[in-house]
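Residue numbers for the sequence shown follow this note's numbering, beginning at 4 and rising by one.
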Amino acid sequence: MKYLLSLFSFALLMSCATTNSSKYSKIQYEAGACFGFCPIFKLTVNPDRTAVIEAERFTFTDGKSKDDFSRPKEGTFKATLKEADYKKLISLLDGLDLKTLKNNYGSKNVTDLPTAHLNITFSDGSTKHIEDYGKRGTEKLDALYDFIENLRKTQTWSKVN
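Following this line, the structure appears as C-alpha coordinates:
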(Lines of atoms letter the chains of each structure in order from A and count residues from 1; the text may use other names and numbers.)
(Lines give C-alpha, C1' and ligand atoms only; values in the text may rest on other atoms or scores of the structure.)
Protein backbone atom coordinates (compact mmCIF):
# COMPACT_ATOMS: atom_id res chain seq x y z
CA MET A 1 0.00 0.00 0.00
CA LYS A 2 2.88 2.37 0.86
CA TYR A 3 4.41 1.78 -2.59
CA LEU A 4 1.09 2.24 -4.32
CA LEU A 5 0.56 5.55 -2.53
CA SER A 6 4.09 6.67 -3.46
CA LEU A 7 3.53 5.71 -7.09
CA PHE A 8 0.20 7.56 -7.17
CA SER A 9 1.80 10.67 -5.62
CA PHE A 10 4.64 10.59 -8.14
CA ALA A 11 2.20 10.24 -11.05
CA LEU A 12 0.13 13.14 -9.74
CA LEU A 13 3.20 15.38 -9.42
CA MET A 14 4.37 14.51 -12.93
CA SER A 15 0.97 15.32 -14.41
CA CYS A 16 1.13 18.77 -12.82
CA ALA A 17 4.60 19.53 -14.19
CA THR A 18 4.62 22.25 -16.78
CA THR A 19 5.69 21.40 -20.27
CA ASN A 20 6.98 23.79 -22.83
CA SER A 21 4.61 23.53 -25.76
CA SER A 22 5.47 26.79 -27.49
CA LYS A 23 4.37 27.04 -31.08
CA TYR A 24 7.61 28.92 -31.83
CA SER A 25 10.84 26.95 -31.90
CA LYS A 26 12.99 30.03 -32.59
CA ILE A 27 12.37 33.77 -32.60
CA GLN A 28 14.97 35.96 -34.29
CA TYR A 29 14.97 39.72 -34.59
CA GLU A 30 17.61 41.76 -36.34
CA ALA A 31 17.88 45.53 -36.02
CA GLY A 32 19.78 47.06 -38.94
CA ALA A 33 21.81 50.21 -39.32
CA CYS A 34 20.71 53.74 -40.15
CA PHE A 35 22.67 56.92 -40.90
CA GLY A 36 22.96 57.63 -37.19
CA PHE A 37 23.25 55.86 -33.88
CA CYS A 38 20.54 53.21 -34.24
CA PRO A 39 21.20 50.00 -32.31
CA ILE A 40 22.55 47.23 -34.55
CA PHE A 41 22.08 43.73 -33.18
CA LYS A 42 20.61 40.28 -33.73
CA LEU A 43 18.54 38.68 -30.96
CA THR A 44 17.62 34.99 -30.85
CA VAL A 45 15.09 33.67 -28.32
CA ASN A 46 14.47 29.97 -27.71
CA PRO A 47 11.40 28.28 -26.19
CA ASP A 48 13.29 27.65 -22.93
CA ARG A 49 13.56 31.48 -22.57
CA THR A 50 17.30 31.51 -23.28
CA ALA A 51 18.35 34.39 -25.47
CA VAL A 52 21.49 35.49 -27.28
CA ILE A 53 22.29 38.96 -28.56
CA GLU A 54 24.99 39.45 -31.16
CA ALA A 55 25.61 43.12 -30.47
CA GLU A 56 27.36 45.15 -33.12
CA ARG A 57 26.90 48.84 -32.35
CA PHE A 58 24.85 50.95 -29.90
CA THR A 59 23.09 47.89 -28.45
CA PHE A 60 24.18 48.59 -24.89
CA THR A 61 25.89 51.93 -25.46
CA ASP A 62 24.77 55.23 -26.93
CA GLY A 63 26.62 56.80 -29.82
CA LYS A 64 27.79 60.36 -29.42
CA SER A 65 30.25 60.93 -32.25
CA LYS A 66 31.46 59.49 -35.55
CA ASP A 67 34.42 57.98 -33.65
CA ASP A 68 32.00 55.50 -32.02
CA PHE A 69 31.68 53.74 -35.39
CA SER A 70 35.36 52.75 -35.36
CA ARG A 71 35.17 51.02 -31.99
CA PRO A 72 35.14 47.21 -31.86
CA LYS A 73 31.83 45.37 -32.01
CA GLU A 74 30.15 45.06 -28.62
CA GLY A 75 30.16 41.24 -28.65
CA THR A 76 27.86 38.34 -27.91
CA PHE A 77 25.70 38.26 -24.78
CA LYS A 78 23.33 35.71 -23.29
CA ALA A 79 20.44 35.83 -20.83
CA THR A 80 17.43 33.92 -19.66
CA LEU A 81 14.41 36.12 -20.27
CA LYS A 82 12.23 36.87 -17.28
CA GLU A 83 9.17 34.63 -17.43
CA ALA A 84 6.74 37.56 -17.58
CA ASP A 85 8.70 39.14 -20.45
CA TYR A 86 8.79 35.86 -22.37
CA LYS A 87 5.03 35.46 -21.94
CA LYS A 88 4.51 39.04 -23.15
CA LEU A 89 6.71 38.35 -26.20
CA ILE A 90 4.67 35.24 -27.05
CA SER A 91 1.44 37.18 -26.52
CA LEU A 92 2.58 39.92 -28.90
CA LEU A 93 3.56 37.32 -31.51
CA ASP A 94 0.24 35.47 -31.11
CA GLY A 95 -1.61 38.76 -31.64
CA LEU A 96 0.06 39.30 -35.03
CA ASP A 97 -1.38 36.32 -36.89
CA LEU A 98 2.09 36.06 -38.42
CA LYS A 99 1.31 33.78 -41.35
CA THR A 100 -1.10 36.34 -42.83
CA LEU A 101 1.32 39.28 -42.69
CA LYS A 102 3.19 40.52 -45.75
CA ASN A 103 6.86 39.57 -46.14
CA ASN A 104 7.98 43.16 -46.85
CA TYR A 105 7.00 46.53 -45.43
CA GLY A 106 8.30 50.05 -45.84
CA SER A 107 9.16 52.48 -48.58
CA LYS A 108 12.80 52.72 -49.57
CA ASN A 109 12.29 56.23 -50.93
CA VAL A 110 13.78 57.49 -47.65
CA THR A 111 17.40 56.36 -47.36
CA ASP A 112 18.32 56.70 -43.69
CA LEU A 113 15.90 54.39 -41.86
CA PRO A 114 16.84 51.14 -40.10
CA THR A 115 15.49 47.79 -41.27
CA ALA A 116 14.02 45.16 -38.97
CA HIS A 117 14.14 41.48 -39.88
CA LEU A 118 11.79 39.20 -37.97
CA ASN A 119 12.42 35.48 -38.51
CA ILE A 120 10.07 33.05 -36.82
CA THR A 121 10.51 29.29 -36.91
CA PHE A 122 7.33 27.51 -35.89
CA SER A 123 7.37 24.21 -34.01
CA ASP A 124 5.99 22.47 -37.13
CA GLY A 125 9.16 23.52 -39.02
CA SER A 126 7.55 26.25 -41.13
CA THR A 127 9.05 29.74 -41.11
CA LYS A 128 8.02 33.35 -41.58
CA HIS A 129 10.40 36.17 -42.49
CA ILE A 130 9.35 39.81 -42.40
CA GLU A 131 11.62 42.59 -43.67
CA ASP A 132 10.44 45.98 -42.47
CA TYR A 133 12.29 49.05 -43.72
CA GLY A 134 11.58 51.84 -41.25
CA LYS A 135 10.12 49.47 -38.63
CA ARG A 136 6.53 50.62 -39.14
CA GLY A 137 4.89 47.72 -41.01
CA THR A 138 1.77 47.59 -38.85
CA GLU A 139 0.82 48.98 -35.46
CA LYS A 140 1.18 45.54 -33.85
CA LEU A 141 4.57 44.94 -35.51
CA ASP A 142 5.72 48.32 -34.21
CA ALA A 143 4.69 47.32 -30.66
CA LEU A 144 6.58 44.02 -31.04
CA TYR A 145 9.72 45.77 -32.27
CA ASP A 146 9.60 48.22 -29.35
CA PHE A 147 9.17 45.38 -26.87
CA ILE A 148 12.02 43.33 -28.35
CA GLU A 149 14.35 46.32 -28.50
CA ASN A 150 13.62 47.07 -24.83
CA LEU A 151 14.66 43.53 -23.87
CA ARG A 152 18.27 44.61 -24.24
CA LYS A 153 17.71 47.04 -21.36
CA THR A 154 15.33 45.02 -19.14
CA GLN A 155 17.20 41.69 -18.94
CA THR A 156 20.46 40.71 -17.24
CA TRP A 157 22.91 40.04 -20.08
CA SER A 158 26.25 38.26 -19.59
CA LYS A 159 29.01 38.69 -22.12
CA VAL A 160 30.00 35.45 -23.85
CA ASN A 161 33.03 36.79 -25.76
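Virtual Cβ for every residue (Gly too), placed ideally from N, Cα, C.
These numbers come from a predicted model, not from an experiment.
Euclidean distance between Cα positions of Ala54 and Lys111:
On the sequence shown, residue 54 is found 51 positions in, with the first residue counted as 1. On the sequence shown, residue 111 is found 108 positions in, with the first residue counted as 1. If I take the Cα positions, the gap works out to 31 Å.
With which residues is Phe44 paired in a DSSP beta bridge?
Position 41 of the sequence shown, counting from 1, holds the residue named residue 44. Ala34, Ala58.
Which residues mark the beginning and the end of the beta strand (DSSP E) in which Lys26 is found?
Residue mapping note: residue 26 aligns to position 23 of the sequence shown, counting from 1. Segment: none, Lys26 is in no beta strand (DSSP E) and carries neither H nor E.
Quick one: what's got a C-beta closer than 6 Å to Val48's C-beta in the same chain, skipping five residues either side?
Within the sequence shown, the letter at position 45 stands for residue 48. Within the same chain, Val48 has close Cβ partners Ile30, Ala54.
Considering only the alpha carbon of each residue, which of Phe61, Phe72, Ile123, Arg52 lies closest to Thr159?
Numbered from 1 along the sequence shown, position 156 holds the residue referred to as residue 159. Ranking Phe61, Phe72, Ile123, Arg52 by Cα distance to Thr159 puts Arg52 first.
Please specify which runs of the alpha helix (DSSP H), each continuous and at least 4 residues long, are wholly inside the region 47 to 108, giving them in chain order.
86 to 97
Work out the CA separation of Asn122 and Ala14 for me, nearest whole Å.
Taking the first residue of the sequence shown as 1, we reach residue 14 at position 11. Taking the first residue of the sequence shown as 1, we reach residue 122 at position 119. With a pLDDT of 45 at Ala14, under the threshold of 50, the modelled position of this residue cannot be trusted, and the question is left open.
With DSSP as the reference, label Leu121 as helix, strand or coil.
In the sequence shown, counting from the first residue as 1, residue 121 sits at position 118. The answer is strand: DSSP assigns Leu121 an E or B state.
Best match in Leu96, Gly66, Phe80 for proximity to Phe38 [C-alpha to C-alpha]
Indexing the sequence shown from 1 puts residue 38 at position 35. Out of Leu96, Gly66, Phe80, Gly66 has the C-alpha closest to the C-alpha of Phe38.
Grab the span of the alpha helix (DSSP H) containing Lys156 for me, first residue to last.
Position 153 of the sequence shown, counting from 1, holds the residue named residue 156. Looking at the DSSP string, the run of the alpha helix (DSSP H) that includes Lys156 is 142 to 157.
For Thr130, the three-state DSSP class (helix, strand or coil)
Taking the first residue of the sequence shown as position 1, residue 130 is located at position 127. Thr130: strand per DSSP, three-state reduction.
Measuring straight from C-alpha to C-alpha, what distance separates Lys94 and Leu154?
The sequence position of residue 94 within the sequence shown is 91, counting from 1. The sequence position of residue 154 within the sequence shown is 151, counting from 1. The sequence given here has Ser at residue 94, not Lys. Going by the C-alpha atoms only, they are around 15 Å apart.
According to the neighbour-count rule (16 or more other Cβ atoms, all chains shown, within 10 Å of its Cβ), is Lys138 buried or exposed?
As a working mapping, residue 138 is identified with position 135 in the sequence shown. Lys138 comes out buried.
Does the distance from the CB of Lys156 to the CB of Gly78 come in under 9 Å?
By one-based count along the sequence shown, residue 156 stands at place 153. By one-based count along the sequence shown, residue 78 stands at place 75. Taking 9 Å as the Cβ cut-off, Lys156 and Gly78 do not qualify as a contacting pair.
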